[in-house]
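In this note's numbering, the protein residues as written are 47 to 511.
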Amino acid sequence: MVMAVTLAVGFAPRAALAQDATGGAAGAATAGAPAGAPASGALAPAPDSPAADKSGPPGTKPAADSMPKDVLHLIEQLPPSAYPSPTPRVRGIYGGSLWLDPDFQGLQWPYYPKTGVGVSGSGWVDTGYRKFDAGQGLGTGETKGEEFVQQSRFVLRVTPTWTDDNRQFFVQMQTEFVGAQLTTGNGEVWGVDDAWIRFGKWNVFDILVGRFQAWEVYHYGMGLDLFTLERTGANDGSAPAPQIYGLTAMYLRQDTIGQGAVHLYPTDWLRFEVGFQYGSDLNSGNNVDGIRPVGIAEWGPLRFKAGVEFLDSRGKGAGALNKARTQGYGAALQLVLDPYVEMGINGAYALNDSVNASGQLVDTSTDDTYSVGGFANVRIIPDLLVGGGINYTYLVDQNYQPSAGRNDRYDQWQPFGALQYLLFKQLFVKGVFAYAKADINPIPMVSQPSTNEMWSFRLRLEYLF
Numbered sequence: 047m048v049m050a051v052t053l054a055v056g057f058a059p060r061a062a063l064a065q066d067a068t069g070g071a072a073g074a075a076t077a078g079a080p081a082g083a084p085a086s087g088a089l090a091p092a093p094d095s096p097a098a099d100k101s102g103p104p105g106t107k108p109a110a111d112s113m114p115k116d117v118l119h120l121i122e123q124l125p126p127s128a129y130p131s132p133t134p135r136v137r138g139i140y141g142g143s144l145w146l147d148p149d150f151q152g153l154q155w156p157y158y159p160k161t162g163v164g165v166s167g168s169g170w171v172d173t174g175y176r177k178f179d180a181g182q183g184l185g186t187g188e189t190k191g192e193e194f195v196q197q198s199r200f201v202l203r204v205t206p207t208w209t210d211d212n213r214q215f216f217v218q219m220q221t222e223f224v225g226a227q228l229t230t231g232n233g234e235v236w237g238v239d240d241a242w243i244r245f246g247k248w249n250v251f252d253i254l255v256g257r258f259q260a261w262e263v264y265h266y267g268m269g270l271d272l273f274t275l276e277r278t279g280a281n282d283g284s285a286p287a288p289q290i291y292g293l294t295a296m297y298l299r300q301d302t303i304g305q306g307a308v309h310l311y312p313t314d315w316l317r318f319e320v321g322f323q324y325g326s327d328l329n330s331g332n333n334v335d336g337i338r339p340v341g342i343a344e345w346g347p348l349r350f351k352a353g354v355e356f357l358d359s360r361g362k363g364a365g366a367l368n369k370a371r372t373q374g375y376g377a378a379l380q381l382v383l384d385p386y387v388e389m390g391i392n393g394a395y396a397l398n399d400s401v402n403a404s405g406q407l408v409d410t411s412t413d414d415t416y417s418v419g420g421f422a423n424v425r426i427i428p429d430l431l432v433g434g435g436i437n438y439t440y441l442v443d444q445n446y447q448p449s450a451g452r453n454d455r456y457d458q459w460q461p462f463g464a465l466q467y468l469l470f471k472q473l474f475v476k477g478v479f480a481y482a483k484a485d486i487n488p489i490p491m492v493s494q495p496s497t498n499e500m501w502s503f504r505l506r507l508e509y510l511f
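Below is the structure:
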């Protein structure tokens with residue numbers, strides 16, 4: 047909140063340019079404004095009136111609320127209208143994984159057609175356990191064990207917005223400050239999630255640049271959440287299990303690589319995102335550029351998503367030969383029967399190519415990856431949801447052994463089940479049981495085949511505000 051007040055103080059002079067002489071903050075009194083806020087256009091008390099006297103008895107300090115009202119009224123918790131869920135094509139059943147998805151199914155969010163600073167956020171704590179048995183079939187190379195896990199992640203979101211007097215065109219900025227304790231090795235701890243600026247016309251188009259998460263195509267359901275052990279699966283041991291590919295090479299937020307997107311909303315049932323990446327990757331030392339168009343169409347309770355992505359990485363030096371490229375294709379079909387059921391099926395394919403500094407193909411990093419999956423969430427009683435899903439991923443690379451007549455092959459199954467209850471109408475309490483099995487089949491000259499397995503459970507407490 048301190049950060050929001052600081053932003054608002056600097057924002058007030060800019061907002062004043064859009065004011066009438068006696069109008070107060072533009073759009074200050076709209077649906078969802080804080081209770082007790084004066085109506086737009088209401089005059090502030092005269093400086094010498096009793097209502098304006100905040101000084102108290104002689105010799106006392108000014109009251110804490112002596113900040114100008116036009117600054118205070120710029121700040122509010124994002125109202126319900128900022129979280130779009132149009133009818134009859136709702137984004138998902140209330141509390142379900144489609145409803146909770148952070149991209150709001152491609153809808154323009156936060157929808158805040160006023161001048162002000164919206165504050166929101168979320169937080170979760172996971173407590174879990176997993177058991178693993180990796181390298182089955184390798185004899186002394188087999189490893190077994192168990193792991194206790196607790197991790198947490200909290201986000202404070204601040205969204206300053208300017209909207210013109212007609213509430214059509216806008217400029218918006220968003221920053222998400224993150225405080226996290228992550229004990230798993232499959233995710234990173236960020237100081238900031240979103241850090242972007244966008245501008246455009248409400249419900250027509252916008253242009254966005256900065257750090258953000260792209261639109262989702264492949265949906266996992268109520269399990270396999272980001273930063274969780276069940277998302278990685280049976281990835282213990284010396285040989286990695288293939289990870290689910292869901293048009294995800296350009297999906298997550300980037301650190302050193304710049305991001306941008308153009309969003310188009312030609313109708314209330316059709317929308318598009320054309321995402322871009324451009325910059326330098328500190329991990330590989332390469333220059334990176336890519337494009338990721340995604341479309342979402344809805345017909346009644348049905349939603350169809352499809353997209354492609356092309357991501358190139360090349361050495362910076364003059365005459366550098368090392369390069370890598372990902373070509374990806376993905377689609378999903380979803381059904382939402384509000385308020386009872388949401389379900390969907392997904393499919394995606396990636397062709398990955400890698401060339402080393404000598405200009406030679408890297409066989410083990412040149413592969414084809416296929417993923418398919420499905421999920422379903424069902425409301426049992428008003429505050430209780432049950433969900434389940436399964437995903438299968440298959441990877442084959444170009445490392446070929448003629449005597450064996452095959453390439454390296456890897457696959458992984460990842461089923462899960464989940465139960466979620468909304469406590470006090472405020473706190474989501476979710477338990478997830480997950481299993482993963484990966485078959486590791488390198489060519490014989492590399493290693494003998496083996497199997498990895500993992501079982502896990504976690505309890506998540508999640509609060510949104």
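Quick reminder that beta carbons are idealized off the backbone N, C-alpha and C, glycines included.
First and last residue of the beta strand (DSSP E) that includes residue i?
| i | result |
| --- | --- |
| Ser417 | Asp413 to Ile427 |
| Arg371 | Lys369 to Leu383 |
| Asp210 | Segment: none, Asp210 is in no beta strand (DSSP E) and carries neither H nor E. |
| Phe251 | Phe251 to Arg257 |
| His309 | Ile303 to Thr313 |
| Ser400 | Val387 to Val401 |
| Asp240 | Val238 to Lys247 |
Classify residue i as helix, strand or coil using the three-state DSSP reduction.
| i | result |
| --- | --- |
| Thr497 | strand |
| Gln289 | coil |
| Glu508 | strand |
| Phe503 | strand |
| Thr22 | Any answer about residue 22 is impossible in this case: the structure gives the chain only from 47 up to 511. |
| Trp145 | helix |
| Gln197 | strand |
| Gln151 | helix |
| Ala364 | coil |
| Asp282 | coil |
| Ile139 | coil |
| Glu355 | strand |
| Met521 | Because the chain in this structure spans residues 47 to 511, residue 521 falls outside the shown range and cannot be described. |
| Lys471 | coil |
| Pro448 | coil |
| Leu465 | strand |
| Glu344 | strand |
| Tyr175 | strand |
| Val432 | strand |
| Leu316 | strand |
| Ala260 | coil |
Which same chain residues, not among the five before or five after residue i, have their C-beta less than 6 angstroms away from its C-beta?
| i | result |
| --- | --- |
| Val320 | Val308 and Pro339 |
| Ser411 | Ser400 |
| Leu505 | Thr173 and Gly477 |
| Leu441 | Pro288, Asp413, Thr415 and Tyr456 |
| Val171 | Ser198 and Leu507 |
Taking the alpha-carbon positions, what's the residue i to residue j distance?
| i | j | result |
| --- | --- | --- |
| Met500 | Val250 | 46 angstroms |
| Val204 | Gly181 | 47 angstroms |
| His119 | Gly162 | 8 angstroms |
| Gly191 | Lys177 | 6 angstroms |
| Val432 | Phe479 | 12 angstroms |
| Ser493 | Gly183 | 11 angstroms |
| Lys483 | Ala260 | 29 angstroms |
| Ala75 | Tyr157 | Its pLDDT being 36, under 50, Ala75 is placed unreliably in this model, and the value from its coordinates should be taken loosely. If I take the Cα positions, the gap works out to 16 angstroms. |
| Ile486 | Asp271 | 24 angstroms |
| Phe318 | Asp179 | 43 angstroms |
| Pro148 | Gly361 | 34 angstroms |
| Ala553 | Gln458 | The first residue shown for the chain is 47 and the last is 511, placing residue 553 beyond what the model contains. |
| Thr221 | Asp252 | 18 angstroms |
| Leu430 | Leu468 | 7 angstroms |
| Gly142 | Gln447 | 47 angstroms |
| Tyr324 | Gly304 | 5 angstroms |
| Tyr291 | Ala226 | 26 angstroms |
| Ala61 | Gly169 | Note that Ala61 scores 40 on pLDDT, short of 50, meaning its location in the model is unreliable; the coordinates nonetheless yield the value given after this. The alpha-carbon atoms of Ala61 and Gly169 are separated by roughly 31 angstroms. |
| His265 | Gly185 | 37 angstroms |
| Met389 | Gly434 | 10 angstroms |
| Lys369 | Asn329 | 14 angstroms |
| Ala422 | Asp335 | 36 angstroms |
Below 8 angstroms CB to CB, which residues in the same chain sit around residue i once its five sequence neighbours on both sides are set aside?
| i | result |
| --- | --- |
| Ser404 | Leu367 |
Residue i lies in the alpha helix (DSSP H); which residues open and close that run?
| i | result |
| --- | --- |
| Ser127 | Neither: Ser127 is in no alpha helix (DSSP H) and is coded neither H nor E. |
| Leu275 | Leu275 to Thr278 |
With DSSP as the reference, identify every bridge partner of residue i, one or two as the case may be.
| i | result |
| --- | --- |
| Asn487 | Arg455 |
| Arg338 | Gly321 |
| Asp443 | Asp413 |
| Leu202 | Gly167 and Phe223 |
| Gln406 | Beta-bridge pairing links Gln406 to no other residue. |
Residues in the same chain with beta-carbon distance under 7 angstroms from residue i, minus the five sequence neighbours each way, listed in chain order, please.
| i | result |
| --- | --- |
| Ser131 | Arg137 |
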